[in-house]
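S.K.:
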Amino acid sequence: MKLVIVREGREAEHRVAAVPETVKKYCAAGLAVAVEAGAGAGADLPDSLYSDAGADIVADRKALLGDADIVLSVQGLEAVDAPAVKKGAAVLGVFNPFQEGDRLKALAGAGLSVFAMEFIPRITRAQSMDVLSSQSNLAGYKAVIDAAATFGRAFPMMMTAAGTVAPAKVMVMGAGVAGLQAIATAKRLGAVVSATDVRPAAKEQVESLGGNFVMVEDEETQAAETSGGYAREMSDEYKRKQAALIAETLAKQDIAITTALIPGRPAPLLITQEMVASMKPGSVIVDLAVEQGGNCALSKAGEMVVTDNGVTIVGHRNVPSRLAADASALYARNLLNFLSPHLADGAFTPDYDDEIIAGTLAARDGAIVHERLLPQPK
Ligand code: NAD
0 MKLVIVREGR EAEHRVAAVP ETVKKYCAAG LAVAVEAGAG AGADLPDSLY SDAGADIVAD
60 RKALLGDADI VLSVQGLEAV DAPAVKKGAA VLGVFNPFQE GDRLKALAGA GLSVFAMEFI
120 PRITRAQSMD VLSSQSNLAG YKAVIDAAAT FGRAFPMMMT AAGTVAPAKV MVMGAGVAGL
180 QAIATAKRLG AVVSATDVRP AAKEQVESLG GNFVMVEDEE TQAAETSGGY AREMSDEYKR
240 KQAALIAETL AKQDIAITTA LIPGRPAPLL ITQEMVASMK PGSVIVDLAV EQGGNCALSK
300 AGEMVVTDNG VTIVGHRNVP SRLAADASAL YARNLLNFLS PHLADGAFTP DYDDEIIAGT
360 LAARDGAIVH ERLLPQPK
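Last residue of the sequence shown: 377 in numbering that gives the first Met the number 0, with the numbers rising by one and none dropped.
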């Protein structure tokens, strides 16, 4: 079977779905490997490293796709690619199916088996395949580095002969994978850190990293976590109480890092225009949820907004791609770990009853098959 790795075409995407180390493993498993020319350039991986690892380098994307049994990508193939790929080929990537349903339909219509890697179940056995975790972890780190680079003051407390510099106060909203790494990174830089979430389980995790946990606790929070570990959308009453608490805390902060997401829904609005107006000049907000609609009312995807009261709101797109070399290496290993149990004698023969395969398979045999993407009963 032939496994191919495509070059990503989307704006601000510098990652690649396989690195020379994983290419070697695929070759050792008996697969023929081909890489689209320049696929690794954005992650500092020249074509020569892939050919040294055993891959063919192919410049003609159509020819590459026409030959493929397995296609590895970061952001999935585009609808225009679909006719070039053999019916029945497996395509792995992050397909963003809730926002890009038409693309998934086109790929499904071409008879491809689409594995949407963002659907990897949050179970222990799948941890090494969890692309959302590997990428969010890096995004949480980078968000703090971006905030520190934008902030006109130091993060740590410094006691000098010329006087004392106070430590920066950082608030992290959403203490999932990205948020916890943001807390750890801000602590390492010497900031005083607080954090909030709707899931009570986050409290212990925040405190174990030295953060101060701030949260509205009521009956609703007992059911705020789904069985998959994600947050639910909260009621209007909860949102009102949470907004009052955030408003009070935020006015005292220098930096806010927002990471709150709800799968399949727009990101919750946590920082209103009035809250931004209450912040001190020089404060910085980094909104990691900007591409899902944003946690801050004033953030703009791909832009840095400076408000009249001197607050800078950073809205980088695709933050993991800003650390493309590390992000690619981890993502590539996630895919290898996902495929490996189903590779035998140079072929990919997925066990469709396996919880991880079934949980990830978005389309097969011409139809969309994932339960989260099928019309929901009323
Ligand atoms: P996510 O990216 O979906 O959301 C980020 C955080 O925002 C979450 O902690 C969520 O609770 C929080 N949030 C949502 N709405 C909010 C609101 N209105 N106000 C404040 N916070 C809000 O989450 P994630 O990083 O993917 O992690 C979700 C959960 O899955 C966590 O419990 C994490 O520990 C768990 N997890 C488990 C595994 C595993 O077992 N394999 C792997 C990764 C993550």
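Each residue gets a CB set at the ideal place from its N, CA and C atoms; glycine is no exception.
Under 8 Å: do the stretch 297-317 and the stretch 161-169 share three or more Cβ pairs, one atom per stretch?
M.R.: no
S.K.: So, under 8 Å CB-CB, V32 and G53 are touching, yes? Tell me the CB distance rounded to an integer number of Å.
M.R.: 6 Å
S.K.: Measuring alpha carbon to alpha carbon, tell me which of I144, R152, F94 and T306 ends up nearest L322.
M.R.: I144
S.K.: Buried or exposed for R198, please, with buried defined as at least 16 other CB atoms from any protein chain shown within 10 angstroms of its CB.
M.R.: buried
S.K.: Which partner residues does A52 have in the DSSP bridge list?
M.R.: Per DSSP, none; premise fails for A52.
S.K.: If you pair each beta-carbon of the stretch 133-144 with each one of the stretch 180-194, do three or more pairs fall below 8 Å?
M.R.: yes
S.K.: Relative to the alpha-carbon of K85, which residue among R371, D364 and H369 has its alpha-carbon at the smallest distance?
M.R.: Checking every option, the nearest Cα to that of K85 belongs to D364.
S.K.: Write down the C-beta distance between L260 and Q291 rounded to the nearest angstrom, noting that I regard them as a contact closer than 8 Å.
M.R.: 6 Å
S.K.: A40 and R316 - do their beta-carbons sit closer together than 8 Å?
M.R.: no
S.K.: I'd like to know whether the C-beta atoms of R124 and G227 end up nearer to each other than 8 Å.
M.R.: no
S.K.: Considering only DSSP beta bridges, list what D286 is partnered with.
M.R.: T257
S.K.: Taking the DSSP output, what are the residues bridged to A362?
M.R.: V113 and I367
S.K.: Would you mind sorting M233 into buried or exposed? The rule is 16 or more other CB atoms within 10 Å of its CB.
M.R.: buried
S.K.: Rounding to the nearest angstrom, what Cα-Cα distance links D235 and A107 in this structure?
M.R.: 38 Å
S.K.: Quick one: is the Cβ of M233 within less than 7 Å of any heavy atom of ligand 1?
M.R.: yes
S.K.: Return the first residue and the last residue of the alpha helix (DSSP H) that A147 is part of.
M.R.: V130 to T149
S.K.: Let's see if you can read the secondary structure: which residues bound the beta strand (DSSP E) around T163?
M.R.: G162 to V164
S.K.: Grab the span of the beta strand (DSSP E) containing G92 for me, first residue to last.
M.R.: A89 to G92
S.K.: Using a threshold of 8 Å, state whether the C-beta atoms of L76 and V93 are closer than that.
M.R.: no
S.K.: Can you check which of these residues, Y25, G29, T21 and C26, is closest to L44 by C-alpha distance?
M.R.: T21
S.K.: Using CA atoms only, rank isn't needed, just tell me which of M128, L338, G110 and S127 is closest to I367.
M.R.: G110
S.K.: S133: buried (16+ other C-beta within 10 angstroms of its C-beta) or exposed?
M.R.: buried
S.K.: Our contact map puts D68 next to A88 with C-beta atoms below 8 Å; I'd like the distance itself, whole angstroms only.
M.R.: 6 Å
S.K.: How many Å lie between I356 and A36 at the Cα?
M.R.: 30 Å
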